[in-house]
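Heads up: the structure comes next, in structure tokens.
This is how it looks when you write it as structure tokens:
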């Protein structure tokens with residue numbers, strides 16, 4: 002229970018400190034730079050995620066194409082085997 006109180010105290014203290022820092026023009030500049038860096042980071046992560054998603058989608062499409070081709074080939078081979086065995 003005591004650690005929960007300290008945790009809550011830390012959160013409240015952080016908000017108070019951030020509010021006081023934001024009142025100063027230098028603090029506002031600091032928060033603007035921080036916001037800019039966080040936005041840049043999240044944009045890069047989003048771009049990387051979408052790039053990886055595209056790569057994986059292309060791989061899945063290739064595998065589906067190979068599987069469809071193999072299925073068609075197996076069906077043709079099975080038909081040929083059936084017709085060869087019924088001809089005997």
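In my numbering, the protein residues as written are 2 to 89. Using N, Cα and C, we set each Cβ at its ideal position, and we do this for glycine too. Predicted model, so just to flag it, every value in this text is computed and none were measured.
Check, Outcome
"Separation of residue 33 from residue 20, as counted between CA atoms", "14 Å"
"Residue 11 versus residue 31: straight-line alpha-carbon distance, rounded", "21 Å"
"Separation of residue 54 from residue 83, as counted between CA atoms", "43 Å"
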